[in-house]
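Just below is one structure, and these are the notes that go with it.
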Amino acid sequence: MIATERVRRTPERSLNTVLRRLDSGQLLLICAAGLVALAGVAHTAAVGLDRPEIAVGFGALIAVGELARLTMPGNREVAPIGAAAALGYTLLLDLSQNPLRHSALQVVAVIAVGMLAGALPHLAVGRPPRLDAMARRLLTSALLAFAFRPLADALYELTKPPTRTWWPALVVMVTLIAITLLIDVLIAALLRAEQVRTAFRVAVRDEVNMAFPLGAAVGSSGVLLALATHSMDLVALLVFAAPLLVTQVAFRKYAGIRATYLQTVRALSRVTEVGGYVEPGHSRRVSRLAVAIGRELGMSEPELLELEYAALMHDIGQLSLRDPIPGGATVLTEPEQARRIAELGAEVIRQTGVLDRVAEVVSRQCDPISDDPPLSSRIIKVANAYDDLVGPSTDRDRGGAALERIRLSSGSAYDAHAVEALARVIDRGRV
Amino acid sequence: MRDLPWPARVYLVAVIAAAAALVVRGVIVSGAPVATDDLDILLVLALLFLVCESMPTLLNVEQFAVSVSFSASLAAVVLLGPEGAAVVGLTAVLSVRPGLPLIKRLFNGAQFAICGFVAGQVYRALHGRVGVPEVNAFDDLIGPYAAATAVFVPLNIALTLTMVKLATRVRPTEVPMRGMAQFLLSYLGYGTFGLLVAGLWATVASISAVLVLLPLFVARWAFGQYHAQQRSYDATIAALCQAVETKDYYTRGHCTRVSYASSMIAQEIGMGLERVRAIRYAGMLHDVGKLGVPTKVLQKDGPLTEEEFAAIQLHPMRGLEIVRGIGFLDEAYAGIMHHHEKHDGTGYPMGLAGDEIPEFAKVIAVADAFDSMTSDRSYRGARPVPEAVEELRKSAGTHFDPVMVAAFIRALEHEPWQPQRRADPPPPEAAGTQIKDHDDPTMPIQVVTGQ
Numbered sequence: 001m002i003a004t005e006r007v008r009r010t011p012e013r014s015l016n017t018v019l020r021r022l023d024s025g026q027l028l029l030i031c032a033a034g035l036v037a038l039a040g041v042a043h044t045a046a047v048g049l050d051r052p053e054i055a056v057g058f059g060a061l062i063a064v065g066e067l068a069r070l071t072m073p074g075n076r077e078v079a080p081i082g083a084a085a086a087l088g089y090t091l092l093l094d095l096s097q098n099p100l101r102h103s104a105l106q107v108v109a110v111i112a113v114g115m116l117a118g119a120l121p122h123l124a125v126g127r128p129p130r131l132d133a134m135a136r137r138l139l140t141s142a143l144l145a146f147a148f149r150p151l152a153d154a155l156y157e158l159t160k161p162p163t164r165t166w167w168p169a170l171v172v173m174v175t176l177i178a179i180t181l182l183i184d185v186l187i188a189a190l191l192r193a194e195q196v197r198t199a200f201r202v203a204v205r206d207e208v209n210m211a212f213p214l215g216a217a218v219g220s221s222g223v224l225l226a227l228a229t230h231s232m233d234l235v236a237l238l239v240f241a242a243p244l245l246v247t248q249v250a251f252r253k254y255a256g257i258r259a260t261y262l263q264t265v266r267a268l269s270r271v272t273e274v275g276g277y278v279e280p281g282h283s284r285r286v287s288r289l290a291v292a293i294g295r296e297l298g299m300s301e302p303e304l305l306e307l308e309y310a311a312l313m314h315d316i317g318q319l320s321l322r323d324p325i326p327g328g329a330t331v332l333t334e335p336e337q338a339r340r341i342a343e344l345g346a347e348v349i350r351q352t353g354v355l356d357r358v359a360e361v362v363s364r365q366c367d368p369i370s371d372d373p374p375l376s377s378r379i380i381k382v383a384n385a386y387d388d389l390v391g392p393s394t395d396r397d398r399g400g401a402a403l404e405r406i407r408l409s410s411g412s413a414y415d416a417h418a419v420e421a422l423a424r425v426i427d428r429g430r431v
Numbered sequence: 432m433r434d435l436p437w438p439a440r441v442y443l444v445a446v447i448a449a450a451a452a453l454v455v456r457g458v459i460v461s462g463a464p465v466a467t468d469d470l471d472i473l474l475v476l477a478l479l480f481l482v483c484e485s486m487p488t489l490l491n492v493e494q495f496a497v498s499v500s501f502s503a504s505l506a507a508v509v510l511l512g513p514e515g516a517a518v519v520g521l522t523a524v525l526s527v528r529p530g531l532p533l534i535k536r537l538f539n540g541a542q543f544a545i546c547g548f549v550a551g552q553v554y555r556a557l558h559g560r561v562g563v564p565e566v567n568a569f570d571d572l573i574g575p576y577a578a579a580t581a582v583f584v585p586l587n588i589a590l591t592l593t594m595v596k597l598a599t600r601v602r603p604t605e606v607p608m609r610g611m612a613q614f615l616l617s618y619l620g621y622g623t624f625g626l627l628v629a630g631l632w633a634t635v636a637s638i639s640a641v642l643v644l645l646p647l648f649v650a651r652w653a654f655g656q657y658h659a660q661q662r663s664y665d666a667t668i669a670a671l672c673q674a675v676e677t678k679d680y681y682t683r684g685h686c687t688r689v690s691y692a693s694s695m696i697a698q699e700i701g702m703g704l705e706r707v708r709a710i711r712y713a714g715m716l717h718d719v720g721k722l723g724v725p726t727k728v729l730q731k732d733g734p735l736t737e738e739e740f741a742a743i744q745l746h747p748m749r750g751l752e753i754v755r756g757i758g759f760l761d762e763a764y765a766g767i768m769h770h771h772e773k774h775d776g777t778g779y780p781m782g783l784a785g786d787e788i789p790e791f792a793k794v795i796a797v798a799d800a801f802d803s804m805t806s807d808r809s810y811r812g813a814r815p816v817p818e819a820v821e822e823l824r825k826s827a828g829t830h831f832d833p834v835m836v837a838a839f840i841r842a843l844e845h846e847p848w849q850p851q852r853r854a855d856p857p858p859p860e861a862a863g864t865q866i867k868d869h870d871d872p873t874m875p876i877q878v879v880t881g882q
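Residue numbers (the numbering used here), protein chains in the order written: chain A, 1 to 431; chain B, 432 to 882.
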């Protein structure tokens, strides 16, 4: 038995396929962003740039930030440096005590052009940007610009004698940033809920967890930049980037190891297939199915990650068997044997010293419902049973028959909710 | 204190005395080290310093725990002058970093005080104006501030390294030049935070500190997450590789030891940090494909048929098939696929020879054979290290690349081979299994040719 070679997908995707993968919400977002950008550029072209050297300086920083964009876990594209520079340009009150009066539309134009310039090198080497992520970044910046720019003049007057206070400006900045971040999170959650078919409430929680640290860093850097230009001239652009650069490096490393981790567990889950213990592709199919069921049942992203790890490694215990079970189908082996395999697998995972919850899930994957196993274990049991019966086949009849068979033991051997979620996932025909 | 050697004790007392003298002198000359109007600034900076000092960040260079506290010291140089900077530095004594004994905190406080004072003097000597800078005076600040940073950082490193050297009496670990340069650069980079805090003080006072520190704390958090994930990743990959070996008692731990020996060789031939990391993983994963070889072939008593031998020869390819989905490994793929090639071209799976064999594969081949020879096998006990080394030397040029063998022997000289062994005896069913070991160069696999 030789597993089929997986052909590596080439990074180039034609524009067509990129567009086809977008759903309606994303399309709407992109169109809106396009219109706003167009309005900004057209307006600016008509009336001319106010203080072009500042616009160019910030535009360049936005472009650099866009160039250094990174992908966070969950395939979320972010560009912290670009976002902070955009914030800074939006919040700018003065440069070395000369008040600045650029309009919101000019802000939008500078951001749009900067982002485009930063995306071009990526495009040249065949890495198209995530259009929806870019559109979101542009739209939220534009939102803040339309809210803040009209107030800029009044706020700046307050910082001059006789009042000489920066507090109103600071409070307005921080409040508006917080509101924009919130809107950004809601849009992201809306898109995500539609994209991966999860509950909106769960998506919001996931997005908040993900966006909060980076949002705080970007927000404070943006304010810092706007304030720094008061005394520092455009040098501020260079000096301010330092704290954010450290943050960016940290997040890049974090995102990198997270991606590698998942890749590695996915890859090594195949050792059971190569060893002939399970059917080729079994672990991957079970993990995909399990994650889809977990989403259907409203699990949050960290829980889903644990579920995916557990599902990928649910058969790892078979490696301790001297000889593979014929066919590898654990649903057909006697319960004692299956439970022993589960325990052996959990033992392997416990060895890591860090994945204790995953080990718990794997160890209890065969428990009957009366023993009250964790939700993830119940899901894996259902997904595993389904894949044992259906395998790589996409035949709907076969799937329906397998589902019927599982339903018969629903409530005793299988969790009823998980079985119903499985039915919904299969009904959609897309895992 | 008592377990410190006497030069270290003398040095410690000298540093503390010098710091005390500086502060006392400040009090005598000007009445108080800081004017009463500036007490609020002092309080904020000291707090800032203390917060940073209590939470050191592991930044990009692994060997050092850097805390960005010194940027508060440098801000004090501008806002308060040398005496103020010394007082801010002294607060390191109050650090609540866990596991830091009083004696270390005393030393830290003293050396930070000295550094702050000296940097302050440099700043003043270059006509840097002490006090909250005017909003339009920022440009005049940069030159003296840069000089103060350039003095503070090396002085701080020198004082600390001297202490480490005296206290531990080992030659200072050789920090690679590149690492050191990167470290200095990032240190100087963090110096700009102090400049930001000082420069923005006129506008928003202490809020500037919060604005500067927030991204840093987020970065610290992310680095923490990164390190936790990295550790977890290493543990997971090791556990999964061990799972592959559980079936055979005698090869347990093989992957971890090959990984370790490979990294010894890699370091000896001067590979960069990233490549050493990659070869560690490659060594760990080199035999995962062995699972694709049926147990009955691995445990067959007597010569193998050609088909069975072909199954064994396929295991590096199987390994590659498994790990190909792991993006970052890149060069490690070649190491895994070709680790059974021989220098004279008689190996498998491709029969590459000499320089055709990828460097990673040459390294892993030596480490692999060495561990096999120095481990117990069902058909023989573990060989002593010198005997295995002799065997490697004999096969250098035919089986192994002589450069790698020489490098490994050098590495063994300054770091003797003491791998962790499992204490548990072989289980009863292990006796008599695994008649041959495909990694053992002294026991070539017998193949029956023809039918």
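Where is the CB? At the ideal position from N, CA and C, for every residue including glycine.
Gly-276 (chain A) and Pro-392 (chain A) - do their beta-carbons sit closer together than 7 angstroms?
For the purposes of this step, residue 392 (chain A) is taken as residue 392 along the first sequence, with counting starting at 1. For the purposes of this step, residue 276 (chain A) is taken as residue 276 along the first sequence, with counting starting at 1. In this structure, Gly-276 (chain A) does not lie closer than 7 angstroms to Pro-392 (chain A) by Cβ.
Mind checking if Ser-637 (chain B) is an interface residue toward chain A, Cβ cutoff 7 angstroms exclusive?
Here residue 637 (chain B) refers to the residue found at position 206 when the second sequence is read from its first residue. At a cut-off of 7 angstroms between beta carbons, Ser-637 (chain B) makes no contact with chain A.
Pair within 7 angstroms by beta-carbon distance, Pro-833 (chain B) and Ala-827 (chain B)
The residue given as residue 833 (chain B) occupies position 402 in the second sequence. The residue given as residue 827 (chain B) occupies position 396 in the second sequence. In this structure, Ala-827 (chain B) lies closer than 7 angstroms to Pro-833 (chain B) by Cβ.
DSSP three-state assignment for Leu-627 (chain B), whether helix, strand or coil:
Your numbering for residue 627 (chain B) matches position 196 in the second sequence. Helix.
Quick one: give me the first and last residue of the beta strand (DSSP E) that Arg-555 (chain B) is part of.
Taking the first residue of the second sequence as position 1, residue 555 (chain B) is located at position 124. Note, Arg-555 (chain B): premise wrong, no beta strand (DSSP E); alpha helix (DSSP H) at 533-556.
Relative to the C-alpha of Ile-700 (chain B), which residue among B:Leu-631, B:Lys-731, B:Ala-837, B:Val-641 is closest?
To locate residue 700 (chain B), count along the second sequence from 1; it is residue 269. Among B:Leu-631, B:Lys-731, B:Ala-837, B:Val-641, the Cα nearest to that of Ile-700 (chain B) is on B:Ala-837.
Tell me where the beta strand (DSSP E) around Arg-205 (chain A) begins and ends.
Here residue 205 (chain A) is taken as the residue at index 205 of the first sequence, counted from 1. Annotation: Arg-205 (chain A) is outside any beta strand (DSSP E); the continuous alpha helix (DSSP H) that includes it extends over 200-232.
Just to confirm, are Ser-287 (chain A) and Ala-250 (chain A) a CB contact at a threshold of 7 angstroms?
In the first sequence, counting from the first residue as 1, residue 287 (chain A) sits at position 287. In the first sequence, counting from the first residue as 1, residue 250 (chain A) sits at position 250. Result no, Cβ atoms of Ser-287 (chain A) and Ala-250 (chain A) do not sit closer than 7 angstroms.
Looking only at C-alpha atoms, which of B:Ala-763, B:Val-649, B:Met-781 sits nearest to His-771 (chain B)?
Working through the second sequence from its first residue, we reach residue 771 (chain B) at position 340. Checked all of B:Ala-763, B:Val-649, B:Met-781; the closest Cα to His-771 (chain B) is B:Met-781.
Run through the DSSP bridge pairs and tell me what Arg-811 (chain B) is partnered with.
By one-based count along the second sequence, residue 811 (chain B) stands at place 380. Its beta-bridge partners are B:Arg-808.
Just checking my contact of Ala-104 (chain A) with Arg-149 (chain A) at CB under 8 angstroms: how many whole Å lie between their CB atoms?
Here residue 104 (chain A) corresponds to residue number 104 of the first sequence, with the count starting at 1. Here residue 149 (chain A) corresponds to residue number 149 of the first sequence, with the count starting at 1. At roughly 4 angstroms, the Cβ-Cβ gap stays under 8 angstroms, so Ala-104 (chain A) and Arg-149 (chain A) are in contact.
At which residue ranges does the stretch 41-83 of chain A contain complete alpha helix (DSSP H) runs of 4 or more residues, listed in the order of the chain?
DSSP runs (the alpha helix (DSSP H)) wholly in the stretch 41-83 of chain A: 52-67.
What does a CB cutoff of less than 7 angstroms around Ala-152 (chain A) pick up in its chain, not counting 5 residues either side in sequence?
Numbered from 1 along the first sequence, position 152 holds the residue referred to as residue 152 (chain A). Within the same chain, Ala-152 (chain A) has close Cβ partners Leu-93.
Can you list, in chain order, the residues of its chain with a C-beta nearer than 6 angstroms to that of Leu-49 (chain A)? Leave out the 5 residues immediately preceding and following it.
Taking the first residue of the first sequence as 1, we reach residue 49 (chain A) at position 49. The residues are Ala-55.
Skipping 5 residues on each side, what residues in its chain have a beta carbon closer than 6 angstroms to that of Phe-240 (chain A)?
In the first sequence, residue 240 (chain A) corresponds to position 240, counting from 1. Closer than 6 angstroms at Cβ, skipping near neighbours: Leu-224, Leu-225, Ala-228.
For Asp-471 (chain B), write down the residues that DSSP places opposite it in a beta bridge.
One-based indexing of the second sequence puts residue 471 (chain B) at position 40. Beta-bridge annotation (DSSP): Asp-471 (chain B) is not paired with any residue.
Which residues of chain B have a Cβ atom closer than 9 angstroms to the Cβ of Ile-316 (chain A), listed in chain order?
Numbered from 1 along the first sequence, position 316 holds the residue referred to as residue 316 (chain A). Correct list: Leu-671, Ala-674.
DSSP has Ala-827 (chain B) in a bridge; who is on the other side?
Stepping through the second sequence from its first residue, residue 827 (chain B) is reached at position 396. For Ala-827 (chain B), which the question treats as bridged, DSSP gives the partners B:Phe-831.
Any chain A beta carbon closer than 7 angstroms to Arg-749 (chain B):
Counting from one through the second sequence, the residue named residue 749 (chain B) turns up at place 318. Chain A, which has a Cβ nearer than 7 angstroms to the Cβ of Arg-749 (chain B), makes this yes.
To the nearest angstrom, how far is it from the Cα of Ala-178 (chain A) to the Cα of Asn-209 (chain A)?
As a first step, residue 178 (chain A) is located in the first sequence; it is residue number 178 there, counting from the start. As a first step, residue 209 (chain A) is located in the first sequence; it is residue number 209 there, counting from the start. Rounded to whole angstroms, Ala-178 (chain A) to Asn-209 (chain A) spans 15 angstroms at the Cα level.
Could you pull the DSSP bridge partners for Tyr-414 (chain A) from this structure?
Taking the first sequence and counting its residues from 1, the one referred to as residue 414 (chain A) is at position 414. Bridge pairing for Tyr-414 (chain A): A:Ser-410 [DSSP].
Show which residues of chain A have a CB atom less than 7 angstroms away from the CB atom of Glu-846 (chain B).
Here residue 846 (chain B) refers to the residue found at position 415 when the second sequence is read from its first residue. In chain order: nothing, as chain A lies at least about 26 angstroms away.
So which residues of chain B does Ala-58 (chain A) contact, with C-beta pairs closer than 7 angstroms?
In the first sequence, counting from the first residue as 1, residue 58 (chain A) sits at position 58. Here residue 58 (chain A) turns out to be Phe, not Ala, going by the sequence shown. For Phe-58 (chain A), none of the residues of chain B pass the 7 angstroms Cβ criterion, the least Cβ distance being about 18 angstroms.
Assign Asn-98 (chain A) to one of two classes, buried (16 or more other C-beta atoms within 10 Å of its C-beta) or exposed (fewer than that).
Within the first sequence, residue 98 (chain A) is the residue found at index 98, counting from 1. Around the CB of Asn-98 (chain A), fewer than 16 other CB atoms lie within 10 Å, so the residue is classed as exposed.
State yes or no: is the C-beta of Thr-667 (chain B) within less than 7 angstroms of the C-beta of Thr-180 (chain A)?
Translated into positions along the second sequence, residue 667 (chain B) becomes position 236. Translated into positions along the first sequence, residue 180 (chain A) becomes position 180. With contacts defined by Cβ atoms closer than 7 angstroms, Thr-667 (chain B) and Thr-180 (chain A) do not form a contacting pair.
Identified DSSP bridge partners for Asp-94 (chain A):
Stepping through the first sequence from its first residue, residue 94 (chain A) is reached at position 94. Answer is A:Pro-99, bridged to Asp-94 (chain A).
Less than 8 angstroms between the CB atoms is what I'm expecting for Ile-349 (chain A) and Val-362 (chain A), so what's the real figure, rounded?
Indexing the first sequence from 1 puts residue 349 (chain A) at position 349. Indexing the first sequence from 1 puts residue 362 (chain A) at position 362. 6 angstroms between Cβ atoms; contact.
Of the residues that make up the stretch 731-756 of chain B, which ones have a beta carbon closer than 8 angstroms to any beta carbon in chain A?
For the stretch 731-756 of chain B, the residues whose beta carbon sits under 8 angstroms from a beta carbon of chain A are, in order, Arg-749, Glu-752, Ile-753, Val-754, Arg-755, Gly-756.
Meets three-Cβ-pair contact criterion under 8 angstroms: the stretch 262-278 of chain A and the stretch 365-379 of chain A
They do not touch, by the three-pair rule.
Take every Cβ of the stretch 621-631 of chain B, pair it with every Cβ of the stretch 567-577 of chain B, and state whether three or more of those distances are shorter than 8 angstroms.
Counting Cβ pairs under 8 angstroms, three or more are found: they touch.
What does the Cβ neighbour count give for Phe-212 (chain A), buried or exposed, with the cut at 16 atoms within 10 Å?
In the first sequence, counting from the first residue as 1, residue 212 (chain A) sits at position 212. Here Phe-212 (chain A) is exposed: its Cβ has fewer than 16 other Cβ atoms, across all protein chains shown, within 10 Å.
Residues of the stretch 624-648 of chain B with a CB closer than 7 angstroms to any CB of chain A: list them in chain order, please.
Correct list: Phe-624, Leu-626, Leu-627, Gly-630, Leu-631, Ala-633, Thr-634, Val-635, Ile-638, Leu-642, Val-643, Leu-645, Pro-646, Leu-647.
Taking the continuous alpha helix (DSSP H) assigned at Met-695 (chain B), which residues delimit it?
Locating residue 695 (chain B) in the second sequence gives position 264, counting from the first residue. Unbroken alpha helix (DSSP H) run through Met-695 (chain B): 685-699.
List the residues of chain B whose Cβ lies closer than 8 angstroms to the Cβ of Ser-283 (chain A), in chain order.
In the first sequence, residue 283 (chain A) corresponds to position 283, counting from 1. Correct list: empty, because the minimum Cβ distance to chain B is about 12 angstroms.
State yes or no: is the beta carbon of Thr-352 (chain A) nearer than 7 angstroms to at least one beta carbon in chain B?
Along the first sequence, read from residue 1 onward, the residue named residue 352 (chain A) stands at position 352. Output row for Thr-352 (chain A): interface = yes.
Exposure of Gly-411 (chain A), with buried meaning 16 or more beta-carbon neighbours within 10 Å
Numbered from its first residue, the first sequence carries residue 411 (chain A) at position 411. With fewer than 16 other Cβ atoms within 10 Å, it is exposed.
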